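Participant: Before I ask anything, here is the structure I am working with.
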Amino acid sequence: MLKHYKKHRAKVGREPGCAIHVGGHETAECKIRMLDYDAAGLREKENPTLDECERCQEQPGVSWLDVVGINQVDTITELGRRFGWHPLVVEDIVNAEQRAKMEEYDGYLYITLKALLFSNETNNIQREQISLILGASYVITIREKEDPILAPLLTRIRQDKGRIRKMGADYLAYAILDLLIDNYFLVLERINDRMESVEEELIANPAASTVRKIHHLKRELLILRKIVWPLRETIGLIYKEKEAFFQKEVSPFLRDLEDHVMQIIDMIEIYRESTSSMLDLYLSQTSYHLNEIMKVLTMFASIFIPLTFLAGVYGMNFAFMPELHWRFGYPLILSVMISSAIGMFLYFRRKKWI
Amino acid sequence: MLKHYKKHRAKVGREPGCAIHVGGHETAECKIRMLDYDAAGLREKENPTLDECERCQEQPGVSWLDVVGINQVDTITELGRRFGWHPLVVEDIVNAEQRAKMEEYDGYLYITLKALLFSNETNNIQREQISLILGASYVITIREKEDPILAPLLTRIRQDKGRIRKMGADYLAYAILDLLIDNYFLVLERINDRMESVEEELIANPAASTVRKIHHLKRELLILRKIVWPLRETIGLIYKEKEAFFQKEVSPFLRDLEDHVMQIIDMIEIYRESTSSMLDLYLSQTSYHLNEIMKVLTMFASIFIPLTFLAGVYGMNFAFMPELHWRFGYPLILSVMISSAIGMFLYFRRKKWI
Amino acid sequence: MLKHYKKHRAKVGREPGCAIHVGGHETAECKIRMLDYDAAGLREKENPTLDECERCQEQPGVSWLDVVGINQVDTITELGRRFGWHPLVVEDIVNAEQRAKMEEYDGYLYITLKALLFSNETNNIQREQISLILGASYVITIREKEDPILAPLLTRIRQDKGRIRKMGADYLAYAILDLLIDNYFLVLERINDRMESVEEELIANPAASTVRKIHHLKRELLILRKIVWPLRETIGLIYKEKEAFFQKEVSPFLRDLEDHVMQIIDMIEIYRESTSSMLDLYLSQTSYHLNEIMKVLTMFASIFIPLTFLAGVYGMNFAFMPELHWRFGYPLILSVMISSAIGMFLYFRRKKWI
Amino acid sequence: MLKHYKKHRAKVGREPGCAIHVGGHETAECKIRMLDYDAAGLREKENPTLDECERCQEQPGVSWLDVVGINQVDTITELGRRFGWHPLVVEDIVNAEQRAKMEEYDGYLYITLKALLFSNETNNIQREQISLILGASYVITIREKEDPILAPLLTRIRQDKGRIRKMGADYLAYAILDLLIDNYFLVLERINDRMESVEEELIANPAASTVRKIHHLKRELLILRKIVWPLRETIGLIYKEKEAFFQKEVSPFLRDLEDHVMQIIDMIEIYRESTSSMLDLYLSQTSYHLNEIMKVLTMFASIFIPLTFLAGVYGMNFAFMPELHWRFGYPLILSVMISSAIGMFLYFRRKKWI
Amino acid sequence: MLKHYKKHRAKVGREPGCAIHVGGHETAECKIRMLDYDAAGLREKENPTLDECERCQEQPGVSWLDVVGINQVDTITELGRRFGWHPLVVEDIVNAEQRAKMEEYDGYLYITLKALLFSNETNNIQREQISLILGASYVITIREKEDPILAPLLTRIRQDKGRIRKMGADYLAYAILDLLIDNYFLVLERINDRMESVEEELIANPAASTVRKIHHLKRELLILRKIVWPLRETIGLIYKEKEAFFQKEVSPFLRDLEDHVMQIIDMIEIYRESTSSMLDLYLSQTSYHLNEIMKVLTMFASIFIPLTFLAGVYGMNFAFMPELHWRFGYPLILSVMISSAIGMFLYFRRKKWI
């Protein structure tokens, strides 16, 4: 299940801006992939030296440094020093427990958000902290682990599909955000699938576990909501502040991004209200069934308890019980019993219990 | 039932602005109807060539291109190229899963919204994505399927009723929006009809299915709400930005449109609160009836269980039970039983259980 | 009961600004009462001709045209033509399903709101659509039916009480609004009376009908709320835009009006929360009583069922049951029964069930 | 209990600005206390003539007129005439059913709010409408009844404690507001005391009356909230508009006042949520106990009902029942019964019912 | 447990700005620690005289006065006089029942907030009122008791770690706020631990005490929320007003602080919704179990009650009961009983009760 903010204990009392890895996935080493491209060509390099990385600031064309392993604090601190990042930016990059945010600094824009990934193996939603630094001609992404989330974009650059190779670093930054946000839709679809299966279960054959499943869905949606709301502000802020870092032709794309986030928020709200509604449905059904059960019990008890009493009376062993010796005592009492049963039955039918 | 946003899987990782048909109805071919009119006359043409379509930009008078079939991506892309639409606009037109929105571009206004249609055959609410492009002298509508939703307007133009032939493309765009929003009222009336029938059922004879019906109403209203809220912003935005594309005399009509959307939102909110209230009523009634049932059971059990015990005592076969041989043992025990029953009865009456 | 927006079906597809009577009361004919007054004198005329009506625009002093019968579409359209009203204004006047609103046009202000009236005969709240046109020197009110709602104001004008005859048309418009809003207080008092009686019933002797009464109160308050909220905006807007149509000395009166609407909203919110709270109280009480009932049942059953079993054992007819022939078998078993009953009784007392 | 807005019926149809006493306490006569003071000295006079009152406008130093008896409409109207108050101000002063508000007029500020007072005798919260007129050099308070709510301030003035005698009328107005708002804290403490006692009752020994007590607390807090929210706006408005009537050195005190009102609102919200939470706790506990009760009942019934049936079988009087004549029939059936009982017992233990 | 605002009774009627100790911890004496430092060196002194304290205003370098004991009203009043604080500031410092706030005065900034501390001994959350005065070159903290909450910062200054000794008083103020807010995370982690243990209990083995634990969690989170919300405004205000008291290089740190508070608010909201959701889960489970229990009871009762009645009939002692003398009466009645039991059993299985 999705978990929210984890342990902060290690950080209390430390110097602000002091880079300590918090939460998140740990990788054995820091992997870097460097792409330099323009409309004419593409140079790709695995694990360049930090000197090579630093040099990409001055190169013509667009550079994309994709760094994996936010627990490699030393490498990232060194990278930050060479690119001139504020200590707080470095601190935030290595901390997996961040709200989505956008911060403008001199010469670069710092964006951080959560990527959501549905793992088919574990049937689980996973999240990953992704930081993005947008400079004049470069984009640096720093993320928790080696996963295929950015692969489609890589393919587009390598195969020179669409307009990406013809545009600047700002469009690359947009394309990365767009890809990450598109993944949210996939995750929401999976949640929707699960909601539908729980709802079927709820109507067909509700069990104690059904409520717990609804409870889990609610919790997951609650956490998703807290992840997405600051994302909305972040994208809104990027759109508003676009002049400094984004060219005019990228602006409609940013607006499109905002629309997508709004749509995600709509979906989450609908899902949240639906789970609440499912819980109400569960309670109403349970309460309806309890009534049905109690009607059955009460009917049985109300019909047979008086009859049993009557039978008990004539099972008493008193020496002097004249009825016992009547010729038609037995048929008489039998017919009294039957008519009493029929009477009760009709009474319950009139009350619509049957 | 109304469904919300459908599958996005196909789009993840694609180039933004790349037109892929998502969701919605699929038609076998793309139908276009072209109307050119002014106060003097009307020229109507079914399925004009794209060249003819393109030419309508320069013609005097108002042109209305009504395109059906958002899954005909190639035709729409080509149309977009000829009219100079932004790639993102084309992408949005062929995507049936859009929030209502209004976007201003150089030379044209892009508006998209959901049409709601009540189908008498299937007794269902259907929705349709409708896009509207408003240029200086033309309006282009692109929609999912051939349905009669715009028919009344067509009739008004053909028969030259009212002021429509005397006004420009801006009034035509308004008239289309007005017609689509009027249809929302019809759909809400149907929902109201269903709510009233469910409420009668709830008061007269609630069943397990009643709760499920309320649950469905709630879900539908939830989705309607998510459809209408962005519509409100959209219309508000159109009204605010009216100077660029709408003439001054159309302005009161746009304000009227805003009023209608507000009224629709009011109705949806009232219906939503009413369904919640119906659920409360259901639960309260169920709980009241459970109490009534349990009173009956408890009364029967409390009166007869002690009596049965008493009868059981004198049904025991002990050799030495003096009471059994008393002359008036039987009448005595009978009167004990009757007075105990009466006592319990009076007790329950005092407790207002009867 | 108060109903909300009614059928719109007739209007879909019609020309906007085309006057069609929707909803509301129907009168056989259109009644007009014309009052011309100033500090010096008063001229009153029943059913003047439209020419006479039109002339009041140029007369000195204040003119008040009180038109009854919004279903008389032709008369109202003709009136609108002579006074130069926008077609949308005429359309709104004859439509009883409007939200409260204020619209500023060249030379006149259009205000529409709902009047609320408590009918002593039917013991019902009724509502009426009232439109008000404020020109430079005239006020025109158009309403659904002949009722006494404006009578106190008429009396004040006729008897020259207070400052009304000394002030302009703007003060007359204010006085009409003030009177209509004062009637809301009366209606809320009636609802309060009903709430108090339902609450007494709830505490003294709750029945199945009590919940339904709460349900109805909730619905009525919900609709009232939707009627009053737009009224708040309307009055606020009038107060803000006051310079154009209202003189400076009327301004404190408008502020006072705003206060009254705020007070009405406060009352409605309090009543709404109170009904919710009453429902909670009902559910808690029902649930408490269920527990009480079940305690009684469980106590009876738990005490007597084992005893009955014991009696049943010694009622068996086995040939060899030594206890049956013991001298003190019967007293022994009786004392076992009594002590078991006392034991159970003490156990339940310790559990605080008695 | 606190009641909200009372009867308005008398006012409907009257001239706006026409002073009619509404709601509130009625005193036999109007009492006035006049204080004139400056740093040098203090002149105090009980029941001065209206001429004396009027003269205080021109006197040097600060004048405080404390008027008791808002039902003495004539005196207050005359006072209003002499001080030049707007008719609507006079109307509001004599009306005990006002929302807190601040209105700025030429030359004076009109503030009205509710005082809250806890009466130790009746153990009740009482409220009182207090109006305050702040002129250049005078403050006039008009209130419902003779009570000790302003006594501490009077003492401070008489004994020349603190800075009050050295400051102007604006500080006096602030000091009065501060005192009234401090009393809210006292009232909230009383409510808190009651809440704590109800909570203890709820946990130790919930009864039907406990729910009703929670219901009453909720209602009172609801009304308190409606009293305090407009107060917040009022104080905020006074702070914002301070330049005209308050000197710069009083400004931090006004900000302090705002803080206090915010704190009161915080407390009310906490109390409101706590009562809701108490109701949830009540329902959960009731529901838990019902389960416990039903477990006891079900256990007894499930163990003994089959046994009783078995005993019944061997109590039948058939002529040919071979078991009855077996040598070990009785011990056999007894052991069957005992093992069945033990079996059921173990089953229920495994289900954790015991 | 966390308690909210305590007794205010002592303060009502007192002079505003009159320093009275309200609530909070009481220390026997006032402890002061004075630190003067700059990049070059550090002078630390325990309990300096007030003269020494006062002199720190003129010294070069940064001075930090850490005062413990808000109940030592005289010392703090004297300190206030020497540093020129407004009387209301002194009043607020000695009052432990404050909302977080920031107030700007001439020459100094007054900030007050709650510190939260988790005590390992009592397993309790404690709170402490901390006031902070930021002057041009000094920071004064005044707090309730001697606790280690500021110790990490002290260590950093003494050991000259990080940038703190190189920066001004504004950075020191920030560092103190940062440390206090970091402690909130620790407290929230503890609450999270408790929530998880309650949730496990809820799923494994819910008891009456589980609901009470949820109730307590809810209350604590409610109070935490009321503590943190004004903190958000306070930090936001500090960030906005930063120019006057904070240098430009401290600004990103303040923004970081705002982020942390937002994150804390997110966590509290998630926890609050989770506890509500836990309560829903509890109720649903209880209601599910009740149904299960009632099914068992009803099944037993419905199967055995008719059988017992049948056995009772043939236990009657009528002289003339022909069945009793049939050869196969007993086997016949036994098979009737068995088939009736099987029939009921199958019926309940079809109803999915088994």
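Protein chains in written order, with the working numbering: chain A, 1 to 354; chain B, 355 to 708; chain C, 709 to 1062; chain D, 1063 to 1416; chain E, 1417 to 1770.
The beta-carbon is built from N, C-alpha and C at its ideal position, and this holds for glycine as well.
Since we're looking at a predicted model, the values are computed, not measured.
1. Alpha carbon to alpha carbon, how far is C:F893 from B:R703?
2. Between the C-alpha atoms of B:T662 and B:K572, what's the straight-line distance to the nearest angstrom?
3. Can you pull out the residues from the region 1355–1385 of chain D whose beta carbon lies closer than 8 Å to at least one beta carbon of chain E?
4. Measure the beta-carbon distance from B:V376 to B:E451 and round it to whole angstroms, keeping in mind my assumption that it falls under 8 Å.
5. Tell whether a beta-carbon distance below 7 Å holds between A:I140 and A:I149.
6. Are the C-beta of E:Y1453 and some C-beta of chain A separated by less than 7 Å?
7. Below 8 Å on the Cβ atoms is my guess for B:I430 versus B:V448; work out the distance and round it to an integer in Å.
8. What residues from chain E crowd round D:P1214, counting only those whose CB sits closer than 9 Å?
9. Quick one: list the residues of chain C neighbouring D:T1348, beta-carbon separation under 9 Å, in chain order.
10. To the nearest angstrom, report how far apart D:L1345 and D:P1214 are at their CA atoms.
11. Please report the distance separating the alpha-carbon of E:T1702 from that of C:L1042.
12. For D:R1095 and D:E1106, I'd like the C-alpha separation in whole angstroms.
13. Is D:L1293 near D:V1249, with beta carbons less than 7 Å apart?
14. So what does DSSP say about A:F320, is it helix, strand or coil?
15. In chain order, which continuous runs of the alpha helix (DSSP H) of length 4 or greater are located wholly inside the region 925–996 of chain C?
16. Among the residues of its own chain, which have a CB less than 7 Å from the CB of B:G590, if the five just before and after it don't count?
17. At which residues does the beta strand (DSSP E) containing A:F328 begin and terminate?
18. Sort out for me which residues DSSP pairs D:R1252 with in a bridge.
19. Closer than 7 Å, CB to CB, is A:K218 near chain E or not?
20. What are the boundary residues of the beta strand (DSSP E) that D:L1212 is part of?
21. Count the other C-beta atoms from every protein chain shown that fall within 10 angstroms of the C-beta of D:Y1067, then say buried if there are 16 or more, exposed otherwise.
22. In three-state DSSP terms, what is B:V448?
23. E:P1668 CB to nearest chain A CB: under 7 Å?
24. Is DSSP giving D:M1164 helix, strand or coil here?
25. Counting C-beta neighbours from all protein chains within 10 Å, is the total for A:E196 16 or more, i.e. buried, or is it exposed?
26. Which value, in whole angstroms, describes the spacing of the CA atoms of C:Q837 and A:M167?
27. Anything in the region 618–629 of chain B with a Cβ closer than 8 Å to a Cβ of chain C? List those residues in chain order, please.
28. Do you know how far the Cα of B:R435 is from the Cα of C:S845?
29. Can you name the residues that DSSP bridges to E:Y1524?
30. 7 Å is my cut-off, CB to CB: does A:L334 come that close to chain B?
31. DSSP three-state label for A:Y5, please.
32. May I ask which residues mark the beginning and end of the alpha helix (DSSP H) holding B:E432?
33. Where do the N-terminal and C-terminal ends of the beta strand (DSSP E) with E:E1544 fall, by residue?
34. Near E:I1643, which residues of its chain fall below 6 Å by C-beta distance, leaving aside the five closest residues on each side in sequence?
Facilitator: So, from the data block:
1. Taking the third sequence and counting its residues from 1, the one referred to as residue 893 of chain C is at position 185. Taking the second sequence and counting its residues from 1, the one referred to as residue 703 of chain B is at position 349. For C:F893 and B:R703, the gap between their C-alpha atoms comes out near 43 Å.
2. In the second sequence, the residue the question calls residue 662 of chain B occupies position 308. In the second sequence, the residue the question calls residue 572 of chain B occupies position 218. Each residue's alpha carbon lies about 51 Å from the other.
3. M1356, K1357, L1359, T1360, A1363, S1364, I1367, P1368, T1370, F1371, G1374, V1375, G1377, M1378, N1379, F1380, A1381, F1382, M1383
4. On the second sequence, residue 376 of chain B is found 22 positions in, with the first residue counted as 1. On the second sequence, residue 451 of chain B is found 97 positions in, with the first residue counted as 1. Yes, they are in contact, since the Cβ atoms of B:V376 and B:E451 sit about 6 Å apart, within 8 Å.
5. Walking along the first sequence from the start, residue 140 of chain A turns up at place 140. Walking along the first sequence from the start, residue 149 of chain A turns up at place 149. Not a contact, by the Cβ cut-off of 7 Å.
6. By one-based count along the fifth sequence, residue 1453 of chain E stands at place 37. E:Y1453 does not count as touching chain A.
7. Stepping through the second sequence from its first residue, residue 430 of chain B is reached at position 76. Stepping through the second sequence from its first residue, residue 448 of chain B is reached at position 94. With a Cβ gap of about 6 Å, B:I430 and B:V448 count as contacting.
8. The residue labelled residue 1214 of chain D in the question sits at position 152 within the fourth sequence. Per Cβ cutoff of 9 Å: V1428, G1429, R1430.
9. The count along the fourth sequence starts at 1 and reaches residue 1348 of chain D at position 286. Residues of chain C passing the Cβ test: S992, S995, Y996, L998, N999.
10. On the fourth sequence, position 283 is the one that residue 1345 of chain D refers to. On the fourth sequence, position 152 is the one that residue 1214 of chain D refers to. About 45 Å.
11. Along the fifth sequence, one-based indexing puts residue 1702 of chain E at 286. Along the third sequence, one-based indexing puts residue 1042 of chain C at 334. E:T1702 and C:L1042: Cα-Cα distance of roughly 40 Å.
12. Taking the fourth sequence and counting its residues from 1, one reaches residue 1095 of chain D at position 33. Taking the fourth sequence and counting its residues from 1, one reaches residue 1106 of chain D at position 44. Straight-line Cα distance between these residues: approximately 7 Å.
13. Walking along the fourth sequence from the start, residue 1293 of chain D turns up at place 231. Walking along the fourth sequence from the start, residue 1249 of chain D turns up at place 187. Going by C-beta atoms, D:L1293 is not nearer than 7 Å to D:V1249.
14. In the first sequence, residue 320 of chain A corresponds to position 320, counting from 1. In the structure shown, A:F320 sits in coil (DSSP, three-state: anything other than H, G, I, E or B).
15. 950–953
16. Counting from one through the second sequence, the residue named residue 590 of chain B turns up at place 236. The answer, listed in chain order, is E612.
17. Your numbering for residue 328 of chain A matches position 328 in the first sequence. Looking at the DSSP string, A:F328 is not in any beta strand (DSSP E), and its letter there is neither H nor E.
18. Residue numbering aside, residue 1252 of chain D sits at position 190 when the fourth sequence is read from its first letter. D:R1252 pairs with nothing; no bridge assigned.
19. Indexing the first sequence from 1 puts residue 218 of chain A at position 218. For A:K218, the answer is yes, since a Cβ of chain E falls inside 7 Å of its Cβ.
20. Translated into positions along the fourth sequence, residue 1212 of chain D becomes position 150. No beta strand (DSSP E) contains D:L1212, which DSSP labels as neither H nor E.
21. Along the fourth sequence, one-based indexing puts residue 1067 of chain D at 5. For D:Y1067, the pLDDT reaches just 49, beneath the cut-off of 50, and the residue's location in the model is therefore unreliable, although a value from the coordinates is still provided. Flag for D:Y1067 reads buried.
22. Locating residue 448 of chain B in the second sequence gives position 94, where the first residue counts as 1. Correct three-state label for B:V448: coil.
23. Position 252 of the fifth sequence holds residue 1668 of chain E. True, the Cβ-Cβ gap to chain A drops below 7 Å.
24. Along the fourth sequence, one-based indexing puts residue 1164 of chain D at 102. Looking at D:M1164 - three-state DSSP - the assignment turns out to be strand.
25. One-based indexing of the first sequence puts residue 196 of chain A at position 196. Exposed.
26. Here residue 837 of chain C refers to the residue found at position 129 when the third sequence is read from its first residue. Here residue 167 of chain A refers to the residue found at position 167 when the first sequence is read from its first residue. Distance between the alpha carbons of C:Q837 and A:M167 is about 60 Å.
27. D620, M621, E623, I624, E627, S628
28. Within the third sequence, numbered from 1, the residue matching residue 845 of chain C stands at position 137. Within the second sequence, numbered from 1, the residue matching residue 435 of chain B stands at position 81. Going from the Cα of C:S845 to the Cα of B:R435 covers about 58 Å.
29. In the fifth sequence, residue 1524 of chain E corresponds to position 108, counting from 1. According to DSSP, which records beta bridges pairwise, E:Y1524 is partnered with E:Y1521.
30. To locate residue 334 of chain A, count along the first sequence from 1; it is residue 334. No, A:L334 lies away from the interface with chain B (no Cβ there is under 7 Å from its Cβ).
31. For this step, residue 5 of chain A is matched to residue 5 along the first sequence. The pLDDT assigned to A:Y5 is 49, lower than 50, so where the model puts this residue is not dependable; a value taken from the coordinates is nonetheless given after this. Correct three-state label for A:Y5: coil.
32. Taking the second sequence and counting its residues from 1, the one referred to as residue 432 of chain B is at position 78. Annotation for B:E432: the continuous alpha helix (DSSP H) segment containing it runs 427–437.
33. To locate residue 1544 of chain E, count along the fifth sequence from 1; it is residue 128. Run containing E:E1544: 1540–1550, per the beta strand (DSSP E) assignment.
34. Mapped onto the fifth sequence, residue 1643 of chain E falls at position 227. Exclusion of the five residues before and after E:I1643 leaves K1530 as the residues of its chain whose Cβ lies within less than 6 Å of its Cβ.
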